[in-house]
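Visitor: Heads up: the sequence lines are chains A and B, in that order.
In our numbering, each residue's number is its place in the first sequence (first place is 1) plus 28.
In our numbering, each residue's number is its place in the second sequence (first place is 1) plus 39.
Could you have a look at this structure, given as structure tokens, before my questions?
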Amino acid sequence: MKRGRRWYAVSAGITVVALAIVLWVLLLLAKDGLAGWHWSRLTRFPRELRSGGGIAPELVNTVSMVMLAECFSAPVGMAVAVWLTDYAPPAAWVGWLKRVLIGFQSIPAIVVGLIVYQTLVDGLGWPLSVGSGTIALAVLNLPAVAVLGATVLSEVPGRLREGSLALGATRIQTVWRLMLPAALPALIDQLGYSWARLAGETAALIFTAGINVGPRWGWFQPGETLAVHFWYVRTEGAMPDWRMVAAATGLVLVTITAGAVLGAKLWAARILAKRGVGVSERG
Amino acid sequence: MAAITMERVSVWYGRVKALNDVSLEVEPGSVLALIGPSGCGKSTLLRVLNRLVERTPAARVAGRVLIDGHDILAPDVDLALLRRRVGMIFQRPVSFPFSIFDNVAYGPRLHGMKNPHQLRRVVEGSLKQAALWDEVRGKLRRPAHGLSGGQQQRLALARALAVNPEAILMDEPTSSLDPGSAARIEELVVHLKGQYTVLIVTHNLQQAARVSDFTGFLDRGQLIELGETSQIFTAPRDRRTEAYLTGQFE
Ligand SMILES: Nc1ncnc2c1ncn2[C@@H]1O[C@H](COP(=O)(O)OP(=O)(O)O)[C@@H](O)[C@H]1O
Ligand SMILES: [Mg+2]
């Protein structure tokens with residue numbers, strides 16, 4: 029009891045310290061970012077040597093690349109997740125595949141970036157571009173979707189599945205009509221986090237999407253994202269207002285990632301409320 | 040209404056023998072109550088009849104089970120069709136996280152019914168049969184999880200009835216409910232008699248006596264005795280049945 033309480037205090041303390049650090053960083057960003065803030069930063073192109081540059085292409089690249097990467101990786105990852113949870117392949121296989129997936133997840137993003145670089149850029153001659161970066165993000169995301177999807181699906185109570193089978197549903201019908209809809213709120217919640225994680229990715233993108241932007245958006249146009257731009261401006265920025273540009277980029281990035289996480293949570297909560305989960309007796 | 044025949048059915052879970060050489064016949068449209076101490080194989084017996092038992096990886100079934108003369112253990116049996124004909128209600132009510140309407144419409148939709156008017160008719164009819172209609176009419180779009188436990192069990196029954204089964208398996212359908220809700224389920228069972236063949240597992244001996252035409256007593260995987268309910272309760276032939284009914288079971 030006492031021991032439990034001490035650990036509770038320690039972990040609470042660590043949480044408070046971590047939150048304080050995050051808050052401190054956010055305040056620093058806000059201070060610099062808001063000081064040099066102008067809404068035109070959202071609509072202008074970046075400037076290398078003069079002040080007053082914007083981040084419009086980076087914003088468009090980030091949103092489009094993350095969205096496309098989710099579109100590629102989520103269905104495939106979920107298919108793997110469904111296969112793992114509902115098709116009860118030989119247990120040995122499942123254990124093996126789960127280990128492989130978890131192993132993949134622990135590969136540093138920069139290595140994933142290198143592999144994609146080797147195949148697409150070096151191998152197929154793709155430019156450093158939106159396309160190469162999107163594929164890198166999708167590859168990075170795939171094992172995470174499969175593992176989290178399998179976890180979420182396995183949390184749908186087995187008795188629901190049995191109830192569906194007992195009505196004469198086939199396995200695939202049970203997946204489509206019961207399991208996926210039942211898991212939907214949790215999946216949407218996870219999608220928010222996954223979106224945030226991809227939007228914040230840098231290591232895998234620096235040598236796949238590149239650190240430049242093109243004059244217009246395109247699959248083979250240079251694909252610098254907000255996170256990469258932030259890193260680039262902080263380390264190499266030669267514009268006089270680099271400190272403010274970096275902070276503004278960081279602020280926008282934090283805003284859209286937090287927006288994605290919160291938006292997903294609200295959406296999931298709405299679905300749950302409609303389903304009456306947590307509603308007690310009512311007519 | 041289906042006639043059900045089991046011939047020398049045994050079930051193993053790995054090394055554990057859960058059913059031992061059970062043979063029985065259920066008349067179409069009658070209610071058979073299964074009683075016996077917990078772990079004696081009652082649920083296993085029900086789950087053989089819709090072959091849910093096979094979901095346990097180590098399970099093995101031997102013997103013959105005939106429903107209306109068809110051997111349902113044959114390897115080429117269409118499980119979806121079998122389970123449509125043999126519905127099941129579980130101990131804890133199973134409600135899908137959808138609206139009341141979508142819960143009842145789940146089965147008919149599975150089997151291809153799309154027409155909204157037709158679906159509505161089936162949903163209304165099934166809810167009436169399950170004596171839930173008066174409580175939920177006008178609220179069909181509300182979440183099923185907002186219903187009370189007893190209402191959810193009747194919803195599960197409505198959902199099972201919506202696919203037009205011939206037999207219904209009930210595994211302790213009232214043991215998680217309050218006495219009032221349990222009584223309503225009992226009434227329903229009596230009402231279903233004659234239209235459906237019903238097998239009901241229960242720990243409540245009075246309930247078995249009230250609702251069933253026939254009663255079977257199981258012990259350690261064996262069907263000790265099966266007969267007309269009045270005979271089983273007043274003049275059991277086997278010593279073990281008598282001991283169980285009088286509460287003198289070990
Ligand atoms: N999935 C399972 N795996 C292994 N053994 C099981 C399983 N289900 C039931 N059993 C065993 O089979 C026997 C009969 O169980 P069951 O049919 O659930 O009995 P009842 O419903 O009468 O309580 C018990 O000994 C139980 O431990
Ligand atoms: Mg049981």
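The beta-carbon is built from N, C-alpha and C at its ideal position, and this holds for glycine as well.
Remember, it's a predicted structure, so these values are computed and weren't measured experimentally.
Identify which residue in A221/B, L166/B, L262/B has its Cα closest to the Cα of G188/B.
Guide: The residue with the shortest Cα to Cα distance from G188/B is A221/B.
Visitor: If you run the structure through DSSP and keep just helix, strand and coil, what is Q296/B?
Guide: Absent from the model: residue 296/B. The displayed extent of chain B is 40 to 289, so no value can be given.
Visitor: For S154/B, is the classification buried or exposed, using 16 other Cβ atoms within 10 angstroms of its Cβ as the cut-off for buried?
Guide: Looking at the sequence provided, one finds Asn at residue 154/B rather than Ser. So N154/B counts as exposed.
Visitor: Can you tell me the Cα-Cα spacing of V175/B and A183/B, whole angstroms?
Guide: Answer to the nearest angstrom: the Cα atoms are 10 Å apart.
Visitor: Counting contacts by CB-CB distance shorter than 8 Å, is K293/A in contact with chain B?
Guide: For K293/A, the answer is no, since every Cβ of chain B falls outside 8 Å of its Cβ.
Visitor: Per the DSSP calculation, Y25/A is bridged to which residue(s)?
Guide: The structure shown does not extend to residue 25/A, since chain A spans only 29 to 311, so no value can be given for it.
Visitor: Using 8 Å as the threshold, is the region 234-248 of chain A in touch with the region 140-157 of chain A, meaning 3 or more CB pairs across them?
Guide: At 8 Å Cβ cutoff, the stretches touch.
Visitor: Can you tell me where the alpha helix (DSSP H) holding G287/A begins and where it ends?
Guide: From DSSP, the alpha helix (DSSP H) with G287/A extends over 270-303.
Visitor: Per DSSP, which residues does K56/B bridge with? Please list them.
Guide: Beta-bridge pairing links K56/B to W51/B.
Visitor: Would you mind working out which of P76/B, L84/B, T44/B sits nearest N59/B, comparing C-alpha positions?
Guide: Of the listed residues, the one whose Cα sits closest to N59/B is L84/B.
Visitor: Give me whichever residues DSSP pairs with D210/B in a beta bridge.
Guide: Answer is V240/B.
Visitor: Step through the CB atoms of chain B and report whether any lies within less than 8 Å of the CB of R72/A.
Guide: Not an interface residue.
Visitor: What is the residue span of the beta strand (DSSP E) that I111/B lies within?
Guide: Element bounds for I111/B: n/a, residue is neither H nor E.
Visitor: With a threshold of 7 Å (Cβ to nearest heavy atom), would S101/A be considered close to ligand 1?
Guide: It does not: the Cβ of S101/A is nowhere closer than 7 Å to a heavy atom of ligand 1.
Visitor: Can you tell me whether A97/A is buried or exposed? The criterion is at least 16 other CB atoms within 10 Å of its CB, across all chains shown.
Guide: Result: buried.
Visitor: Among the residues of its own chain, which have a CB less than 7 Å from the CB of A84/A, if the five just before and after it don't count?
Guide: Correct list, in chain order: L70, T71, R72, F73.
Visitor: Give the residues of chain B in contact with K59/A, contact being defined as C-beta atoms less than 7 Å apart.
Guide: Chain B residues near K59/A: none, gap ~46 Å exceeds 7 Å.
Visitor: Determine the burial state of I139/B: buried for a count of at least 16 other Cβ atoms within 10 Å of its Cβ, exposed for fewer.
Guide: Flag for I139/B reads buried.
Visitor: If you check the beta carbons only, do A166/A and S101/A fall under 8 Å apart?
Guide: Yes. Within cutoff.
Visitor: Closer than 7 Å to a non-hydrogen atom of ligand 2 - does that hold for the CB of K81/B?
Guide: For ligand 2, at least one heavy atom lies less than 7 Å from the Cβ of K81/B.
Visitor: Kindly say whether R123/B, judged by its beta-carbon, lies nearer than 8 Å to any beta-carbon of chain A.
Guide: Judged by the 8 Å Cβ criterion, R123/B is in contact with chain A.
Visitor: Strictly below 8 Å CB to CB, what residues from chain A border F137/B?
Guide: By Cβ distance, chain A contributes P209, R303.
Visitor: Run through chain B and tell me which residues come within less than 8 Å of R187/A, C-beta to C-beta.
Guide: Simply F129, R131, V133.
Visitor: Note the first and the last residue of the continuous beta strand (DSSP E) segment covering A274/B.
Guide: Careful: A274/B lies outside any beta strand (DSSP E) and carries neither H nor E.
Visitor: Please determine, among K302/A, I234/A, L193/A, V38/A, the residue with the shortest C-alpha to C-alpha distance to L118/B.
Guide: Checked all of K302/A, I234/A, L193/A, V38/A; the closest Cα to L118/B is L193/A.
Visitor: Would you grab the beta carbon distance between G177/A and G105/A for me? Rounded to a whole angstrom, and I think it's under 8 Å.
Guide: Indeed they touch by this definition, with Cβ atoms about 6 Å apart.
Visitor: Run through the DSSP bridge pairs and tell me what M106/A is partnered with.
Guide: Note: M106/A sits in no beta bridge, so no partner.
Visitor: So, for S214/B: in the same chain, excluding its five sequence neighbours on each side, which residues have a beta-carbon less than 7 Å away from its beta-carbon?
Guide: Only Q130, H242 meet the Cβ criterion.
Visitor: Could you name the residues of chain A that N89/B contacts, counting a contact when the two beta carbons are closer than 7 Å?
Guide: A194, listed in chain order.
Visitor: From the DSSP output, in three-state form, read off R123/B for me.
Guide: Here R123/B sits in helix by DSSP.
Visitor: Return the residues of the region 139-166 of chain B that lie within a Cβ-Cβ distance of less than 9 Å from chain A, sorted by chain order.
Guide: Going along the region 139-166 of chain B in chain order, one finds Y145, G146, R148, L149, H150 with a Cβ nearer than 9 Å to chain A.
Visitor: Which residue wins for smallest C-alpha separation from A286/A, given the options A227/A, G131/A, A137/A?
Guide: Of A227/A, G131/A, A137/A, the residue nearest in Cα terms is A227/A.
Visitor: Using the C-alpha atoms, what's the distance from F132/A back to T90/A?
Guide: Cα to Cα, T90/A sits roughly 24 Å from F132/A.
Visitor: For K59/A, count neighbouring C-beta atoms within 10 Å of its own C-beta (all shown protein chains included) and say buried if the count is 16 or more, exposed if not.
Guide: That one is exposed.
Visitor: Looking at V203/A: is its Cβ nearer than 8 Å to the Cβ of V122/A?
Guide: No. Outside cutoff.
Visitor: With distance defined between alpha-carbon atoms, name the residue in V228/B, L91/B, L63/B, A97/B nearest to R123/B.
Guide: For the residues V228/B, L91/B, L63/B, A97/B, the minimum Cα distance to R123/B belongs to L91/B.
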